[in-house]
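Numbering (my numbering), first residue to last: 3 to 348. Yeah, the Cβ is synthetic: ideal placement off N, Cα and C, and Gly gets one too. Values in this document were obtained by computation on a predicted structure and should not be read as measured data. See below for the structure under consideration.
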Ligand SMILES: [Zn+2]
Ligand SMILES: [Zn+2]
């Protein structure tokens with residue numbers, strides 16, 4: 003079968019591989035219908051994910067149809083349409099029991115798919131710990147609607163959940179890339195009083211404003227004053243930093259009111275500085291990233307109910323044989339691309 007493979011630092015290629023088969027009792031084999039390209043795939047390509055294995059099939063955001071299951075799999079059965087969770091987790095270790103599935107202590111726990119073990123930019127994929135890692139897609143939900151459940155939407159949903167949003171809050175979201183857009187949609191589920199979305203790219207600002215018309219969408223220039231003018235207590239009550247630069251990290255705490263919660267969703271390339279003397283007395287609470295992706299069923303219910311809709315993020319679709327072209331478009335942000343879907347099997 004065809005599989006998009008991490009060949010070496012800086013190089014992915016479409017290769018011919020053997021079809022995966024069941025290895026463990028809790029495994030499932032999933033025929034991939036739709037996969038997507040994530041910024042983390044680019045991080046692997048450029049060598050900034052040290053645990054990524056050379057030779058691995060990449061891709062960790064996908065939906066498909068269950069082909070076969072091991073004897074210990076009870077959550078799904080062959081023929082089920084499923085969303086694949088980016089994280090594999092055992093469900094019963096110290097961390098899993100507390101909902102911190104990102105820190106699952108199982109050897110295959112955490113982000114394994116498309117990083118340490120073969121992933122989903124392929125015709126077929128083996129999913130370990132399938133009882134936790136696969137979620138049945140309701141019949142009325144299309145693949146395109148479910149594609150981002152296991153990664154982007156899981157991240158947005160988790161961030162909004164730990165962000166402790168109240169109805170009187172002014173919420174600031176920094177970054178309106180794919181993760182920022184999903185965070186914005188999930189924040190909206192809590193009906194905060196006001197949402198401010200900050201994004202430097204004009205095209206992305208337009209996209210965000212269309213997706214969430216009630217949000218105030220602004221560029222980073224003058225953000226601190228804008229937030230002061232559009233909040234009641236000297237800054238945003240809740241801040242989500244999804245952009246991941248030193249500048250946006252600084253804006254995140256500068257725009258927060260005293261005693262605000264600042265949730266860091268972004269992944270940074272380098273360490274960030276917390277200038278404690280300048281922040282003294284602000285009494286901020288920081289929460290830091292690494293999605294706990296254990297809410298896929300709840301997310302799918304919200305999609306089914308029409309309360310979450312990330313399908314508009316798919317701006318382009320390519321067949322698996324043209325994935326090279328899809329990466330080129332996504333990586334160089336051509337043609338207004340937000341997310342690319344890869345059709346792996348029909
Ligand atoms: Zn991802
Ligand atoms: Zn666990």
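In the same chain as residue 21, and ignoring 5 residues on each side of it, the C-beta atoms closer than 7 angstroms to its own belong to 3, 126, in chain order. Around the beta carbon of residue 57, fewer than 16 other beta carbons lie within 10 angstroms, which makes this residue exposed. DSSP, read as helix, strand or coil, puts residue 189 in helix. Residue pairing by DSSP places residue 289 opposite 265 in a beta bridge. The DSSP-derived three-state label of residue 107 is coil. Of all alpha-carbon atoms in 166, 327, 213, 151, the one lying nearest the alpha-carbon of residue 178 is that of 213. The nearest non-hydrogen atom of ligand 2 is less than 7 angstroms from the C-beta of residue 111. For residue 332, the enclosing alpha helix (DSSP H) covers residues 325-333. In terms of Cα proximity to residue 206, the closest of 327, 314, 260, 93 is 314. Going by C-alpha positions, residue 59 is about 7 angstroms away from residue 119.
Taken in chain order, the unbroken stretches of alpha helix (DSSP H) that lie wholly in the segment 13-56 and span 4 residues or more are 41-47. In this structure, DSSP gives residue 341 an extended state, which the three-state scheme calls strand. Going by C-alpha positions, residue 69 is about 39 angstroms away from residue 243. Here DSSP, grouped into helix, strand and coil, assigns residue 200 to strand. Counting C-beta atoms within 10 angstroms of its own C-beta, residue 112 has 16 or more neighbours from the protein chains shown and is therefore classed as buried. Those residues whose C-beta sits under 5 angstroms from the nearest heavy atom of ligand 1 are, from N- to C-terminal order along the chain, 40, 42, 153.
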